[in-house]
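Novice: Would you mind keeping the following structure in view while I ask a few things?
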DNA sequence: CTTGATTTGAGGTACGTACCTCAATTATAT
DNA sequence: ATATAATTGAGGTACGTACCTCAAATCAAG
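Chains as they are written, first to last, in our numbering: chain A, 1 to 340; chain B, 1001 to 1340.
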């Protein structure tokens, strides 16, 4: 049988009340008593029974994901994963929900965050772009003791805020290597398409991509980023124009997670199979395109892992527990036709 | 507040005792009462409080991994992961340990399994090759109500036994696509090296590999598998002989998880960087070789995920809970220099 | 030594569920 | 209708921890 607090009290030569005071950081304990309890903990190998703690505290957890309203298939998949996590965690005294905000209005986002109440929400996972207002609002969340993790965006480590998501420089570099190795000795130009280059994630991916192409594969030239702003008409215009101007495009890299629109536009001008195309994130579209061999590889981060990781981190922060860094590291995955 | 058994009894119009009988499948409950309780469960949304259940049952879990004695770096990493999981789960009333057996002696393995006692072990994760004796012993473990998952081996679904591990056909096919795409239009022969081709996993990887090469990349020819039997001298002999006989070897595929020995042998005869090499599993050796660009890609399954997945499944089986299939699916990962 | 503050111990209740006993009620077979 | 079996309810204890109160013991300062 595992030692209990009672055994611990006995081993430390103090009363249960004192053990309780030490374990829960209550005042009025002499240094000597505290020391003796801590020694006893290691000597008899006492480990708190979490089930009993949770029961006694009768604590429930309530976490919320905050997503943008925009977004196509990948966002939908993230929301699915939140739903799944929600049903999985219900027996764990944890409620999970989400909200969607228009991230183009930082003032509104900050406003929303300032209305969050500690009585209703213990922690939030927020997928929002950098902005001073939002940053301040997040800081004030922390002051109200609402835990925050930055979710798949930002990553500009503000303070000691937790971040969940793959490293975007790595993701871009991985895309760069795949596109280059798949092209072999073929030389030419590579189109780079993004929704926006304002976002830190996209900038970092671009940096990683360029670094690999420049240092390892100088026969390839990466063109300046085209920004679609999520606008289908604009995408069509700028993509077709570039394809007319540049004669020897041999590859395409779609930086942001919603690859459907740009690649559909390219398919109107060129045979996709004649290009080497790398996109990000597994979606119904990228899956189908991989199977059709219309695109060649997808660099992805597992959305289910990301959601669960964010929740584990929030939970650990609420309990003042350490997080297992190795487990929370979101990998940059490479998906090919075969390993979907 | 969440409804408790008391609320449930009230809602169902029965006593707490009857609710308890229904929830824990005890005898002597009329169909009518059972029905009313079940209806009340859904109508008030009752969910068992797991913390309280665990506390009341005061149950501890004890799981054991069973590994081969042989093996090099990948096995060591698996053992590390078992240690980590062990410390992570200690606060979850779960003990985790492992044993190593000489898998070349199926009789001894079967014997070991037959000595396992339900009082000491609730479940085992076995990494053992197929064999009639072992299969029988596993069946008898089930009869003694010890839960079993097949771990990273076997996969010949015997009965409804759980399997943890990536699909090996997929893994081989993925290796095939990478090696072929990386070679581009280069034609030539591809060496295939394994420790043994007796193992089902290796056979399946080879099948997947051949399928991709044959159907998509006919300019490449995969040579017959070389079997090293884990013997360094033998590896040296057969590898150098093949490299002398076959003039146009352009790629190498190492099927089994311990790539160190075969690739070191190849390096004595050829410049590794002039070959396109794909191996399996992330180990200190493959990591270093990827960074040096001596090997080009690694097809891997995350050992930490695998260990945790096996433990989650064993735990779920002990509690007669369903498993979340999506979460337990071990992915075939592709590792390049950039996304290590 | 006295006074007041700090520290300690004893004992209680609570959390939600499991599991037990025993008596009371209801259903079924004869 | 009676005997027997099946079902139900009431009430208890237990799990390990948190958190509370109150009195007793110890300590520090004057």
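Heads up, the beta-carbon is just placed ideally off N, CA and C, and yes, glycines get one too.
Can you check whether the C-beta of residue 1334 (chain B) is within less than 8 Å of a C-beta belonging to chain A?
Specialist: Position 334 of the second chain, counted from the first residue, corresponds to residue 1334 (chain B). Yes, its Cβ sits closer than 8 Å to a Cβ of chain A.
Novice: Taking the beta strand (DSSP E) that residue 1002 (chain B) belongs to, which residues open and close that run?
Specialist: Position 2 of the second chain holds residue 1002 (chain B). From DSSP, residue 1002 (chain B) is part of no beta strand (DSSP E); its letter is neither H nor E.
Novice: In chain order, what residues of the same chain lie with their CB nearer than 8 Å to the CB of residue 268 (chain A), ignoring the 5 residues before and after it?
Specialist: As a working note, residue 268 (chain A) is residue 268 in the first chain. For residue 268 (chain A), where only same-chain residues beyond five positions count, the Cβ hits under 8 Å are 236 and 240.
Novice: Cβ of residue 192 (chain A) within 8 Å of Cβ of residue 223 (chain A)?
Specialist: Stepping through the first chain from its first residue, residue 192 (chain A) is reached at position 192. Stepping through the first chain from its first residue, residue 223 (chain A) is reached at position 223. Cβ atoms of residue 192 (chain A) and residue 223 (chain A): closer than 8 Å.
Novice: Output the distance between the C-alpha atoms of residue 1296 (chain B) and residue 178 (chain A), rounded to the nearest integer angstrom.
Specialist: Counted from its first residue, the second chain places residue 1296 (chain B) at position 296. Counted from its first residue, the first chain places residue 178 (chain A) at position 178. Using only the alpha carbons, I get a separation of about 11 Å.
Novice: In the structure shown, what three-state DSSP assignment does residue 1253 (chain B) receive?
Specialist: In the second chain, residue 1253 (chain B) corresponds to position 253, counting from 1. Residue 1253 (chain B) falls in the strand class under three-state DSSP.
Novice: Once the 5 residues before and after residue 1073 (chain B) are set aside, which same chain residues still bring their CB inside 7 Å of it?
Specialist: Residue numbering aside, residue 1073 (chain B) sits at position 73 when the second chain is read from its first letter. Closer than 7 Å at the Cβ level, and outside the excluded window around residue 1073 (chain B), lie 1258, 1260, 1283, 1284 and 1285.
Novice: At the level of alpha carbons, what is the spacing between residue 123 (chain A) and residue 314 (chain A)?
Specialist: The residue you call residue 123 (chain A) lines up with position 123 of the first chain. The residue you call residue 314 (chain A) lines up with position 314 of the first chain. Distance between the alpha carbons of residue 123 (chain A) and residue 314 (chain A): 6 Å.
Novice: Between B:1217, B:1121, B:1135 and B:1040, which lies nearest to residue 1107 (chain B) when the distance is taken from Cα to Cα?
Specialist: Your numbering for residue 1107 (chain B) matches position 107 in the second chain. Comparing Cα positions, the closest option is B:1135.
Novice: Check the Cβ-Cβ distances between residue 88 (chain A) and every residue of chain B, and say whether any is below 8 Å.
Specialist: For the purposes of this step, residue 88 (chain A) is identified with residue 88 of the first chain, where counting begins at 1. So, interface residue.
Novice: So with CB distances below 9 Å, who are the chain A contacts of residue 1092 (chain B)?
Specialist: Indexing the second chain from 1 puts residue 1092 (chain B) at position 92. Ordered by position in chain A, the residues that pass the 9 Å Cβ test against residue 1092 (chain B) are 50 and 51.
Novice: Residues in the region 157-183 of chain A with C-beta within 8 Å of chain B's C-beta atoms, listed in sequence order?
Specialist: Going along the region 157-183 of chain A in chain order, one finds 170, 171, 173, 174, 176, 177, 178, 181, 182 and 183 with a Cβ nearer than 8 Å to chain B.
Novice: Near residue 207 (chain A), what residues of its chain come up, given a Cβ to Cβ distance below 8 Å and the 5 sequence neighbours on each side ignored?
Specialist: Locating residue 207 (chain A) in the first chain gives position 207, counting from the first residue. Result list for residue 207 (chain A): 169 and 172, in chain order.
Novice: Closest Cβ-Cβ distance between residue 357 (chain A) and chain B: below 8 Å?
Specialist: This structure leaves residue 357 (chain A) out entirely; chain A is present only between 1 and 340.
Novice: What number of angstroms, rounded off, separates the C-alpha of residue 1308 (chain B) from the C-alpha of residue 1167 (chain B)?
Specialist: The sequence position of residue 1308 (chain B) within the second chain is 308, counting from 1. The sequence position of residue 1167 (chain B) within the second chain is 167, counting from 1. Distance between the alpha carbons of residue 1308 (chain B) and residue 1167 (chain B) is about 17 Å.
Novice: Taking only the alpha-carbon atoms, compute the straight-line gap between residue 77 (chain A) and residue 303 (chain A) and give it to the nearest angstrom.
Specialist: As a position in the first chain, residue 77 (chain A) is number 77, starting the count at 1. As a position in the first chain, residue 303 (chain A) is number 303, starting the count at 1. The straight-line gap from Cα to Cα measures roughly 7 Å.
Novice: Around the Cβ of residue 262 (chain A), are there at least 16 other Cβ atoms within 10 angstroms (buried) or fewer (exposed)?
Specialist: Walking along the first chain from the start, residue 262 (chain A) turns up at place 262. With 16 or more other Cβ atoms within 10 Å, it is buried.
Novice: Would you mind giving the Cβ-Cβ distance between residue 1310 (chain B) and residue 1212 (chain B), rounded to the nearest angstrom? I have them listed as a contact below 8 Å.
Specialist: Counting from one through the second chain, the residue named residue 1310 (chain B) turns up at place 310. Counting from one through the second chain, the residue named residue 1212 (chain B) turns up at place 212. No, residue 1310 (chain B) and residue 1212 (chain B) are not in contact; Cβ-Cβ is about 29 Å, not under 8 Å.
Novice: Could you please tell me which residues of the region 318-331 of chain A, in chain order, have their CB closer than 8 Å to any CB of chain B?
Specialist: Within the region 318-331 of chain A, the residues whose Cβ lies closer than 8 Å to some Cβ of chain B are 324, 326, 327 and 331, listed in chain order.
Novice: Would you list, in chain order, the members of the region 204-228 of chain A that have their beta-carbon closer than 8 Å to a beta-carbon of chain B?
Specialist: Per Cβ criterion, the list reads 208 and 212.
Novice: Assign residue 83 (chain A) to one of three DSSP states: helix, strand, or coil.
Specialist: Position 83 of the first chain, counting from 1, holds the residue named residue 83 (chain A). Residue 83 (chain A) falls in the helix class under three-state DSSP.
Novice: Under DSSP, the beta strand (DSSP E) around residue 1123 (chain B) begins and ends at which residues?
Specialist: Reading the second chain from its first residue, position 123 is the one you call residue 1123 (chain B). 1123-1126 is the span of the beta strand (DSSP E), which, as asked, contains residue 1123 (chain B).
Novice: Contact between the region 1004-1012 of chain B and the region 1031-1048 of chain B is defined here as three or more beta-carbon pairs at a separation below 8 Å; is this criterion met?
Specialist: Verdict: yes, contact present.
Novice: Is the beta carbon of residue 125 (chain A) less than 8 Å from the beta carbon of residue 109 (chain A)?
Specialist: The residue given as residue 125 (chain A) occupies position 125 in the first chain. The residue given as residue 109 (chain A) occupies position 109 in the first chain. Cβ distance not < 8 Å, so residue 125 (chain A) and residue 109 (chain A) don't count as in contact.
Novice: By how many angstroms is the C-alpha of residue 1245 (chain B) removed from the C-alpha of residue 279 (chain A)?
Specialist: By one-based count along the first chain, residue 279 (chain A) stands at place 279. By one-based count along the second chain, residue 1245 (chain B) stands at place 245. Each residue's Cα considered, the two are about 42 Å apart.
Novice: Counting only beta-carbon atoms, is residue 281 (chain A) nearer than 8 Å to chain B?
Specialist: For the purposes of this step, residue 281 (chain A) is identified with residue 281 of the first chain, where counting begins at 1. No, no contact with chain B.
Novice: Among A:301, A:195, A:201 and A:214, which one has its Cα closest to the Cα of residue 229 (chain A)?
Specialist: Taking the first residue of the first chain as 1, we reach residue 229 (chain A) at position 229. The candidate whose alpha carbon is nearest that of residue 229 (chain A) is A:195.
Novice: Quick one: what does DSSP say residue 1130 (chain B) is sitting in, helix, strand or coil?
Specialist: Indexing the second chain from 1 puts residue 1130 (chain B) at position 130. Three-state result, residue 1130 (chain B): coil.
Novice: Less than 8 Å between the CB atoms is what I'm expecting for residue 242 (chain A) and residue 226 (chain A), so what's the real figure, rounded?
Specialist: On the first chain, residue 242 (chain A) is found 242 positions in, with the first residue counted as 1. On the first chain, residue 226 (chain A) is found 226 positions in, with the first residue counted as 1. Between residue 226 (chain A) and residue 242 (chain A) the Cβ distance is about 6 Å, and since that is below 8 Å, they are a contact.
Novice: Quick one: list the residues of chain A neighbouring residue 1047 (chain B), beta-carbon separation under 7 Å, in chain order.
Specialist: Translated into the one-based positions of the second chain, residue 1047 (chain B) becomes position 47. Residues of chain A passing the Cβ test: 90 and 91.
Novice: Using a Cβ cut-off of 7 Å, which residues of the region 1050-1081 of chain B contact any Cβ in chain A, in chain order?
Specialist: Those residues of the region 1050-1081 of chain B that come within reach of chain A (Cβ to Cβ, closer than 7 Å) are 1050, 1051, 1052, 1054 and 1055.
Novice: Locate the beta strand (DSSP E) running through residue 224 (chain A), then write down its first and last residues.
Specialist: Within the first chain, residue 224 (chain A) is the residue found at index 224, counting from 1. Taken as a continuous stretch (DSSP letters only), the beta strand (DSSP E) holding residue 224 (chain A) covers 220-227.
Novice: Taking the C-alpha atoms as reference points, what is the distance between residue 189 (chain A) and residue 183 (chain A)?
Specialist: Along the first chain, one-based indexing puts residue 189 (chain A) at 189. Along the first chain, one-based indexing puts residue 183 (chain A) at 183. One C-alpha to the other measures close to 11 Å.
Novice: Can you give me the C-alpha to C-alpha distance between residue 1139 (chain B) and residue 1165 (chain B), rounded to a whole angstrom?
Specialist: Here residue 1139 (chain B) corresponds to residue number 139 of the second chain, with the count starting at 1. Here residue 1165 (chain B) corresponds to residue number 165 of the second chain, with the count starting at 1. Their backbone Cα atoms lie some 20 Å apart in a straight line.
Novice: Just confirm the distance between the C-beta atoms of residue 1121 (chain B) and residue 1064 (chain B), as a whole number of angstroms; I'd bet it's less than 8 Å.
Specialist: For the purposes of this step, residue 1121 (chain B) is identified with residue 121 of the second chain, where counting begins at 1. For the purposes of this step, residue 1064 (chain B) is identified with residue 64 of the second chain, where counting begins at 1. That belief holds up - the Cβ atoms of residue 1121 (chain B) and residue 1064 (chain B) are roughly 5 Å apart, short of 8 Å.
Novice: For the alpha helix (DSSP H) holding residue 239 (chain A), just list the boundary residues, first then last.
Specialist: Numbered from its first residue, the first chain carries residue 239 (chain A) at position 239. Run containing residue 239 (chain A): 232-245, per the alpha helix (DSSP H) assignment.
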